[in-house]
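Peer 1:
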Amino acid sequence: MFDSPLILLSLVVFLPAIGALVVACLPSDKDDLLRGVTLAFTFLVLVAAVLGFLMSGSSSFDPAVGTMQNAFNVEWIPSFDIYYMLGMDGISFPLVMLTAVVSILAMGASWSIKKHVKAYCILFLLLETGMLGVFLALDFFLFYVFWEVMLLPMYFLIGVWGGERREYAAIKFFLYTLVGSVLMLIAILMLYFNSDVREVAKVSNINGTPNASVVWNDLKMAPSAEARVGRVTTKSGALALSLKSLDSHEPLNVAFVGGDGDTKASYDGVSNTVSIEIIFGTTASDVLAAVNSDPQSAAVLYASLPAGSDGTGSVGVGDLNGSLSAEDEASGSYLVEVSKDGTVIALAVSDQPVHSFNILAMTAMGQKTEVFSPQLQWWAFVLLFIGFAIKVPSIPLHTWLPDAHVQAPTPISMILAGVLLKMGGYGIIRICYPICPHGGYDLMYVVCGIGVASMVYGAFAALAQTDFKRMVAYSSVSHMGYVVLGLGVWSATKELAYDSSFWNMGVQGAMFQMIGHGISSAGMFFMVGVVYDRVHHRNLNEFGALFAKMPVYTALAIGLFFAGLGLPGLCGFIGEVFVVLSVFAFSIPLAVISAAVVILTAAYILWAIQRVYLGADYKGPHEEALVPATTRENLIAGTLFVLAILFGVFPHFFVLNYMEKTIGNQVESLADWTKTVKEAKPEVAAHGDENSEEHPAENGGPVPNVNEDNGPVTPEVPEVDGADARVPTGELIAGQ
Amino acid sequence: MNLHELVSNLVIDTKGSADGGMSFTADSSVGAFMPELVLCLTILLMLFVRVFNFGRFIDAFYIAFLGAGISFFVSILGTDGALTDPSTVSRMEIFTGMLVYDKFSVFIRAILLLFLVLFTVFTKLSGIPDKEDGPDIYSLVFGSTIGLCLMASSNHLLMIFMAVEMASVPSYVMAGMLKGRREASEAALKYAVYGAGAAGVMLYGISLVAGILGTVHLPTMTAQLAANAATFSGGESMVLGLGGLMIMVGLAFKLSAFPFHFWCPDVFEGASAEVNAFLSVASKAAALALLVRVAIGFGVEVPEGVKPGERTAMLAQANVGESDKELLATTGANGVAGDEGHPHEAGEEHAGGHPHGLDGDAAHGHDDDHAHGSVGSAGLSNVRWFAAKLIALLAILSCTFGNLAAYGQTNVKRLLAYSTIAHAGYMMMAVPPMLIAADLGFPNMAENALGSLSVYISIYMFMNLGAFAIIAFLRNAMRTEEIADYAGLIRRCPCIVVCFTLIMFSLIGMPPLAGFIGKFAIFASIAEVYGSSAGTDNPATFLLIMLVLGGANTALSLFYYLRIVKVMTIDPEPEGRESVGFNDVSWQGAFVIAITLPTAFLIVSWGWLHDWAMAAAEHLFS
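Chains C and Z, in that order, are what the protein sequence lines are.
Taken in order, the first sequence gives residues -1 to 734; the numbers are from the numbering used here.
Taken in order, the second sequence gives residues 33 to 654; the numbers are from the numbering used here.
What follows is the structure, encoded as structure tokens:
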């Protein structure tokens, strides 16, 4: 069962939704049963993910592969080129696991929810489906649907079960996210209608071109889309061709006959038909070779062309029967071009743009082709970035977060901080940069500036809070600033000789920060929730001396707060240090500021620990309620703390191991794009002084005049080597 | 053409053949008009049975339900008795060109009649009209529906006026259906006065247009425009523009579009929720179809249609041609399955000389496209751009105004009235890209735009029928239509509240609910057409503005829909509420769920709906 990606990934995404159905059928007055079943389903998701991705054979996640794994592509709405397409790589896999774990812990923390438990459980499970779907969807439309699916339950979870100002907080959260997603929708439509898979096919190895810049199979295009760019991938079926020559509609008696043998052509003199047997994965060159190898077929094709046609006629593929008919309907007719001398030169390239919502294909379009103009990319980047920055949240779009966090019930705060914020970061790394590199390049200082500003502002704001939960919420703004900064460190420019290792480190740091923050912030919110459940206030100045009353809880809490602070050995450290180090190569002032934020972080966290846990006596109300934490509470906090230690001590084994290959690929590809596309022209214009003076000096070796003779396209090996030797790579540090 | 000729032409058209006698051919005008005839017969039957004593005991609902059902069934049947295959419906001007029978009219009529079936069931469940009033009210509803069907298939400015009146006059009475209620009478009067005024202005506009162009037959009108628009003097152009504006007034009234929407909130508040459902869905769907007809009539030269009686022969001929081809093509072992596509090709051939606009090869084909697009004249192009900008402006204003005005409402019917104004705006947004695409020579994009409008209409039918059904059932149970009185309702009847919540989210346009699909389709069309115009020397920037404002409006509408949801789900129940008197487990509950299910789960598979809508739009522009 776990061998089929379709079943496995769909199961992981929709298991919670099935759980919601099951819960809906249970009696609504048995609270513990409802919570238990819900917890069981969140647990099942983790089990399915672990069994499917880490244990079993063919579907297990291979960290050594840097491309999409377990991807599949099923037709959904063919008329809009929308596919049900899921898949995972090193960027989404850790986030999926994080979602599964945090969901279990948050559900465990949901025993404090007392009213309308059934509705709560249903909404919680729907929320989990939405979150998992966002991380696994590879079709932009599907991504958008999941993105919004998660919004509806969240509105109610905050609005019904939240604190005093819950309605305000809920609608604020809803409105901010909706505005962001409307902008995203506009960007999606702009990209979709400018996309053209045919252009990708041209630069891919679809026709066997060696060393093509796009590996066609990595795009996971659906067969019906592949057919329109000249490739037949269906295993059986028959095509009948009729000739549409330049000036007539005379049928040409050609039939494609399905089969599992070789692609071959034969001529039947009785019916005057050329039959071409096609096999799985047939491409134009195969057909060309097959037709040419049979002299008679080639002759018939030649003879069927009208006299006097000046070069090429085209052979339209008419109806297809059997399994191919659906594709035919979706795509109109295929064309086979026939040159004057009777050779088939191309199979089935549609004469209209082939649009696509496929995120992988869009990535290839953004970087390897020119279908997305720089201007379009710039606008799309801005719209998408605003949408994701709201979710991250970055200033100045962060103001929903303190309200939502403070008003949400504890488990929902854990989900919000632990998973939902990561969707923003995920969107930036998965969609903004790969699809719209022009925008990312032009705005790199803006993005980094926003990141640093969020860090500084969030830290100062946290310092000023008297509400314990609000302080933790602002710490999230600050910590997520590292993510934006790390993703935006586009250091692979000419000044650094297109060396992507710093940027690689920054992105790895950002990804690690997302995972680490998912653990530590969920933990911090949980710890706040535990004490709030007891004394029903959150005023930092009215706590004190909790260590004496709740020793185990306090020990775990201090541990988790230290993880948030970024203490070495805990999960917050690696991400921050990676990001800050990477920024040094990008911009010294930003690096200095971002490094200084660590001091502020230490200040507000240590001060909070001092005011809440240490001290001589408790200053607030309900002192009698401060009983030691229950086993359930200790179990949840303990799990988080253990994860924090594991991720801090073995960052490579537990986290970076899974993501470094994918991130390396992506960053390398973008660095290559910077060199060959973005900065190519100015460089050619200014090669005289640039190359002869700077490069040899920088690389410390005798590098020949790099781009003058070969043009910007050829990668220069010595240059990259020189840079590698000089710069510590992400891997080196990760191993420490 | 003298009167005698006209009558004999009408007779020939009606029978579908020039033979003597009373034989009707398979594709006579009567055959294409059958659903409307069934409705007429139903009205007669309902009124007639009351003459007899036993007839008084027959609940008019059963007759109405049966009539609506048969009519719907007939509308989805082709003239040959099998389910209508969209590919076999070709454009046919019936009754001497007064009406047009094509895929679009078949689609819209099917939607209207399906709505009528659901509507009669809904009225039975809600108890209004009661048994006493039943025959009267159902007669009015059916009469109005006939008018709506005529609106969707009008091909003639006079027919448009007659259809609008046919649809409107019964609505005025329906608005006052609740006898003895002051608000209902006020609603009826306001509606009638407004309607009369709008109709007068529209008629005046029609006469102006007729005076300038010398015809009121839409295709002839387009041909006239194409031929002569460039030579019109300034005065003539102005009169023509004025005539167009005045016709737009009549349409905007039916659409309840800004600034002719003022009747809408008052009528909706005064009339019963049942009538609101009818006005907001059926009336609006037909008005949009009419808007499309008029827009095409003014701006797009349609391919010549067949006359009644010619179609069968033509199809037969085309089939012969096809089977010849098949013979040639299927000599291989795995032959061609000759279903789809062939009539399509036949249609292409029939359209003759029209070169196919889309060259695909964007950079290269553009000049050709443009040349094709401006077939006719620059004058027609001006008309298209003028109409597109006018409609876009009205759409944006309706949308924004409706959403803003809905904020302050406390009565749920009044709030939904403003919501329907806003939705009329969203739906009208599909028309400008359609015209611009036709102008740029992208007939398939124009079809996309029209298809997305059809998708939206189909989905809107379920959303609004569901919303008003819930309002009616809650009114029966609680005797109130104030939003505040819905507080905490989820504790009493969770099922219906969940349905209402889903419908509200769907009206916002949130995925995964169906309302998103409609909105997505329309926004996609706007983006598509803007994208293709961006490269030309005359980019349709107003489409981009419309897209952005449409998106902004989506966010804007969030508040008031969400307020209803919040009141029902989050707010506490009022002190001392007695029993609500609505049980989820009832026929009413089942009806609400049945209407909500498509709204909630259409996202799972909506390709078929889009395909149907696209089929309905096929060949309207090329």
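The beta carbon of each residue, even a glycine, is placed where N, CA and C say it ideally should be.
According to DSSP, simplified to helix, strand and coil, what is Z/Asn476?
Peer 2: helix
Peer 1: Beta-carbon separation of Z/Val173 and Z/Pro202 under 9 Å?
Peer 2: yes
Peer 1: Can you tell me whether DSSP reads Z/His188 as helix, strand or coil?
Peer 2: strand
Peer 1: C/Gly504 and C/Ser392: beta carbons closer than 9 Å?
Peer 2: no
Peer 1: Quick check on Z/Glu560 - is its C-beta less than 9 Å from some C-beta in chain C?
Peer 2: yes
Peer 1: For Z/Pro606, which residues of its own chain have a beta-carbon under 8 Å away from its beta-carbon, when the five flanking residues on both sides are left out?
Peer 2: Excluding sequence neighbours, Z/Pro606 sits near Asp517, Ala519 and Gly520.
Peer 1: Going by DSSP, what residues sit across from C/Ala135 in a beta bridge?
Peer 2: C/Leu84
Peer 1: My output table needs one value for Z/Thr362: the three-state DSSP class, helix, strand or coil.
Peer 2: Low local confidence applies: a pLDDT of 35 at Z/Thr362 is under 50, so the model's placement there is unreliable, with the coordinate-based value given in what follows. Residue state, collapsed to three classes: coil.
Peer 1: With a 10 Å radius around its C-beta and 16 neighbouring C-beta atoms as the bar for buried, classify C/Val10 as buried or exposed.
Peer 2: buried
Peer 1: Put Z/Phe84 into one of helix, strand or coil per three-state DSSP.
Peer 2: coil
Peer 1: Is the Cβ of C/Ser312 closer than 9 Å to any Cβ of chain Z?
Peer 2: For C/Ser312, the predicted structure reports a pLDDT of 41, less than 50, and the residue's modelled location is therefore unreliable. The matter cannot be settled from this model.
Peer 1: To the nearest angstrom, how far is it from the Cα of C/Pro649 to the Cα of C/Gln506?
Peer 2: Going from the Cα of C/Pro649 to the Cα of C/Gln506 covers about 11 Å.
Peer 1: With distance defined between alpha-carbon atoms, name the residue in Z/Val225, Z/Ser158, Z/Val529 and Z/Arg141 nearest to Z/Ala645.
Peer 2: Considering only alpha carbons, the answer is Z/Arg141.
Peer 1: Is there a Cβ of chain C sitting closer than 9 Å to that of Z/Ser60, yes or no?
Peer 2: no
Peer 1: Note down the Cα distance separating Z/Asp162 from Z/Thr155, rounded to an integer number of angstroms.
Peer 2: Per the coordinates, the alpha-carbon of Z/Asp162 lies some 9 Å from the alpha-carbon of Z/Thr155.
Peer 1: Where does C/Tyr611 sit, in a helix, a strand or coil, going by DSSP?
Peer 2: coil
Peer 1: Do you know whose CA, among Z/Ala626, Z/Phe591 and Z/Ser618, lies nearest C/Tyr812's CA?
Peer 2: Beyond the ends of chain C as shown, which are -1 and 734, falls residue 812 of chain C; an answer cannot be given.
Peer 1: Quick check on Z/Met542 - is its C-beta less than 9 Å from some C-beta in chain C?
Peer 2: Yes, Z/Met542 counts as interfacial toward chain C.
Peer 1: Going by DSSP, name the residue or residues bridged to C/Asn356.
Peer 2: C/Asp137
Peer 1: Buried or exposed for C/Phe645, going by 16 or more other Cβ atoms inside 10 Å?
Peer 2: So C/Phe645 ends up on the buried side.
Peer 1: Between the alpha carbons of C/Thr361 and Z/Ala584, how many angstroms are there, rounded?
Peer 2: 28 Å
Peer 1: Using 9 Å as the limit for Cβ to Cβ distance, is Z/Ser564 near chain C?
Peer 2: yes
Peer 1: Based on Cα-Cα distance, which residue from C/Asp440, C/Ser498, C/Cys23 and C/Val195 lies nearest to C/Ile661?
Peer 2: Measuring from the Cα of C/Ile661, the nearest candidate turns out to be C/Ser498.
Peer 1: What do you reckon, are the CB atoms on Z/Ser304 and Z/Leu210 nearer than 9 Å?
Peer 2: yes
Peer 1: Along chain Z, which residues have their Cβ under 7 Å away from the Cβ of C/Glu165?
Peer 2: Lys598 and Ile602
Peer 1: When you compare the CB of Z/Trp638 with every CB in chain C, is at least one pair closer than 9 Å?
Peer 2: For Z/Trp638, the answer is yes, since a Cβ of chain C falls inside 9 Å of its Cβ.
Peer 1: Using the beta-carbon of each residue, which ones in chain Z are nearer than 8 Å to C/Gly157?
Peer 2: Lys598, Thr601 and Ile602
Peer 1: Taking one C-beta from the stretch 611 to 621 of chain C and one from the stretch 458 to 468 of chain C each time, how about it: are there three or more such pairs within less than 8 Å?
Peer 2: no
Peer 1: For C/Ser202, which beta-bridge partners are listed by DSSP?
Peer 2: C/Val212
Peer 1: Please list, in chain order, all residues of the same chain as Z/Tyr133 whose beta carbon is under 6 Å from its beta carbon, the five residues on each side excluded.
Peer 2: Cβ neighbours of Z/Tyr133 beyond the five flanking positions: Ala64, Met124 and Ile126.
Peer 1: DSSP on C/Gln511, reduced to helix/strand/coil?
Peer 2: helix
Peer 1: Would you kindly work out how many angstroms separate the C-alpha atoms of C/Asn68 and C/Pro3, rounded to a whole number?
Peer 2: 5 Å
Peer 1: Ordered along the chain, which non-local residues of its own chain (more than five positions away) have a Cβ less than 6 Å from that of C/Ser101?
Peer 2: Thr40 and Glu126
Peer 1: By the criterion of Cβ-Cβ separation under 7 Å, what are the contact partners of C/Asn192 in chain Z?
Peer 2: Chain Z residues near C/Asn192: Gly563.
Peer 1: Can you pull the chain C residues whose beta carbon is under 9 Å from the beta carbon of Z/Ala572, in chain order?
Peer 2: Residues of chain C whose Cβ lies closer than 9 Å to the Cβ of Z/Ala572 do not exist; the shortest such Cβ separation is about 13 Å.
Peer 1: According to the Cβ coordinates, are Z/Leu482 and Z/Ala284 closer than 9 Å?
Peer 2: The answer is no: Cβ separation not under 9 Å.
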